[in-house]
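Peer 1: Please find one structure pasted underneath; my questions will follow.
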Amino acid sequence: MAANELFIYFAASIRAGRGDASIYSRFVDILKKHGNVLTEHVGSSQLGVEGESHLSEKEIHDRDLEWLMQSDVLMAEVTQPSLGVGYEIGRALEHKKAVFCFFRPDSGRNLSAMIKGANGIKVIDYKDQDNLESLIKECLANLKK
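Written as C-alpha cells, this is what we have:
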C-alpha cells in the first residue's frame, strides 16, 4: 500500500435493509480503485440484514469505530435510511473527517434534513450507477492528502 493511499470508510445500510446491496458492491469496487476500503464487507452480496452475526454488537461497534478513526474520508450511500449510517456520519463529523453522502432522489424517499442541512457533509444526488465513478472520482480529487 502506498504511503499516500487514502483510507476510505464506506457506510451503507445493513440491518435497515439490503435492497441496494448491488449498488453498495459497485461503490466498493469503484472506491477500491482510489484507496483502501476499510469496510469492504458492506458491499458483499453475502451480507444480509442480520449483519455479521458471528460478532457481538459491541465488537462490531468498536471495530467499525476504530476503522472510522483510521479513515481519511467517509463515503456513504444514504438512500436507504439507517440509524447506524447516521451515527457513523455524526462521529465522522465530530472527528473532522471528510464526509460525502450519495442519495438517489428518484427512490421515492426523502433525505433527512439532519444530513442535508449539516455543515461538513457534501450531499451528491445521483440517478443510477452509470455516473457513480465520475462522481466519486470528483469527490476524492478534492481531498487534500
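Quick note: the sequence shown uses this note's numbering, first residue 58, plus one each step.
Even glycine gets a Cβ: it sits at the ideal position worked out from N, Cα and C.
As the structure is a computational prediction, the values presented were derived from the model and not from experiment.
1. Taking the alpha helix (DSSP H) that Y183 falls in, what are its first and last residues?
2. Taking only runs that begin and end inside the region 95-130, name each unbroken alpha helix (DSSP H) of 4 or more residues, in chain order.
3. In the DSSP assignment, find the unbroken alpha helix (DSSP H) run with L63 in it and report its ends.
4. When you compare each of E114, Q103, E134 and T96 to M126 by their alpha carbons, which one comes out closest?
5. Could you please give me the residues that DSSP links to G92 through a beta bridge?
6. Would DSSP call A155 helix, strand or coil?
7. Starting from A198, trace the alpha helix (DSSP H) in both directions and tell me its first and last residue.
8. Can you give me the Cβ contacts of L168 inside the same chain, cut-off strictly under 6 Å, excluding the 5 residues immediately before and after it?
9. Mind reading off the beta-carbon distance from Q137 to D77? Whole number of angstroms is fine, and I expect it under 8 Å.
10. My guess is that E62 and G92 are in contact by the Cβ rule of under 8 Å, so how many angstroms apart are they, rounded?
11. Going by the beta-carbon positions, is the gap between G141 and I71 smaller than 8 Å?
Peer 2: Put simply:
1. On the sequence shown, residue 183 is found 126 positions in, with the first residue counted as 1. Premise fails: Y183 is in no alpha helix (DSSP H) and is neither H nor E.
2. 114-127
3. As a first step, residue 63 must be located in the sequence shown, where it is residue number 6. Taken as a continuous stretch (DSSP letters only), L63 belongs to no alpha helix (DSSP H), being part of the beta strand (DSSP E) at L63 to A68.
4. As a working mapping, residue 126 is identified with position 69 in the sequence shown. Closest by alpha carbon: T96.
5. What you label residue 92 is simply residue 35 of the sequence shown in a count that begins at 1. In DSSP, G92 forms a bridge with L63.
6. The residue labelled residue 155 in the question sits at position 98 within the sequence shown. In this structure, A155 counts as strand in the three-state DSSP scheme.
7. The residue you call residue 198 lines up with position 141 of the sequence shown. Its alpha helix (DSSP H) spans residues L189 to A198.
8. Along the sequence shown, one-based indexing puts residue 168 at 111. Within the same chain, L168 has close Cβ partners F160.
9. Here residue 137 corresponds to residue number 80 of the sequence shown, with the count starting at 1. Here residue 77 corresponds to residue number 20 of the sequence shown, with the count starting at 1. Rounded, the Cβ-Cβ distance is 6 Å, consistent with contact.
10. Within the sequence shown, residue 62 is the residue found at index 5, counting from 1. Within the sequence shown, residue 92 is the residue found at index 35, counting from 1. Right, the Cβ-Cβ distance comes to about 5 Å (below 8 Å), so this counts as a contact.
11. The sequence position of residue 141 within the sequence shown is 84, counting from 1. The sequence position of residue 71 within the sequence shown is 14, counting from 1. Contact: yes.
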